[in-house]
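Residue numbers (our numbering): 65 to 271. Where is the CB? At the ideal position from N, CA and C, for every residue including glycine. Presented below is the structure to which this report refers.
Written out as structure tokens, the structure reads:
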């Protein structure tokens with residue numbers, strides 16, 4: 065990237081910095097079994113990236129939201145060891161530190177499950193925004209507005225790295241440059257052209 069000192073890099077968490085999909089699947093299957101929801105994993109997976117309340121609404125299980133949330137995130141917390149780092153995570157963070165690049169994480173996870181993950185992988189972003197910090201999550205711009213209010217200084221560009229169409233829409237709505245993280249190294253969205261990386265270390269090569 066050019067003008068390194070004048071950029072800010074913001075990351076999604078699940079599916080971008082960490083491989084939490086296997087744990088999500090186990091968590092959802094556990095909830096589904098205990099509450100007999102009749103909502104399969106694939107239906108849930110299509111909604112990943114949205115605020116949890118919106119997911120429950122989309123899946124027509126709003127009346128069980130509190131119980132579903134407690135069971136789902138409780139299972140996540142107890143099995144955090146099943147989460148793995150995405151390829152190139154340590155190299156990417158080292159590069160960010162070495163070049164004193166401002167960076168952040170914007171996630172749809174609640175703070176209670178986000179904080180242990182950051183501790184596990186020694187991630188210390190300059191700004192952290194979780195689902196608890198905004199009224200409306202991605203793809204609405206509340207998180208972007210909060211980020212802007214927390215950043216010190218002006219940046220030529222703000223990049224957002226994510227793995228879902230929701231992340232892409234969020235970046236577009238927020239006026240951020242989107243970089244798609246895709247382990248298959250192929251473009252899977254059709255909204256517009258954007259760079260794709262399959263290894264987080266590759267972010268430093270994008271200009």
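Write down the C-beta distance between residue i and residue j rounded to the nearest angstrom, noting that I regard them as a contact closer than 8 angstroms.
| i | j | result |
| --- | --- | --- |
| residue 264 | residue 150 | 6 angstroms |
| residue 99 | residue 127 | No, residue 99 and residue 127 are not in contact; Cβ-Cβ is about 11 angstroms, not under 8 angstroms. |
| residue 165 | residue 73 | 6 angstroms |
| residue 172 | residue 217 | In fact, because the Cβ distance is near 27 angstroms, the residues do not count as touching under 8 angstroms. |
Nearest CA to the CA of residue i: which residue from the options?
| i | options | result |
| --- | --- | --- |
| residue 233 | 94, 174, 109 and 113 | 113 |
| residue 247 | 238, 221, 117 and 227 | 227 |
| residue 154 | 123, 188 and 143 | 188 |
| residue 133 | 186, 70 and 195 | 195 |
| residue 160 | 70, 183, 204 and 236 | 70 |
Who are the near neighbours of residue i in its chain, counting only those whose CB is closer than 6 angstroms to its CB and skipping five residues on each side?
| i | result |
| --- | --- |
| residue 119 | 111 |
| residue 222 | 72 and 240 |
Within the same chain, show all residues whose beta-carbon is closer than 7 angstroms to that of residue i, passing over the 5 residues directly before and after it, in chain order.
| i | result |
| --- | --- |
| residue 91 | 136, 139 and 140 |
| residue 197 | 210 |
| residue 199 | 206 |
| residue 80 | 150, 225, 226, 227 and 245 |
| residue 115 | 172, 195 and 201 |
| residue 175 | 194 and 196 |
Give the DSSP bridge partners of residue i, in chain order.
| i | result |
| --- | --- |
| residue 112 | 114 |
| residue 192 | 169 |
| residue 149 | 82 |
| residue 74 | 168 and 224 |
Can you give me the Cβ contacts of residue i inside the same chain, cut-off strictly under 8 angstroms, excluding the 5 residues immediately before and after it?
| i | result |
| --- | --- |
| residue 262 | 151, 245, 246, 247, 248 and 249 |
May I have a chain-ordered list of the alpha helix (DSSP H) segments no shorter than 4 residues that lie completely inside the stretch 210-250? Here the runs fully enclosed are 229-238.
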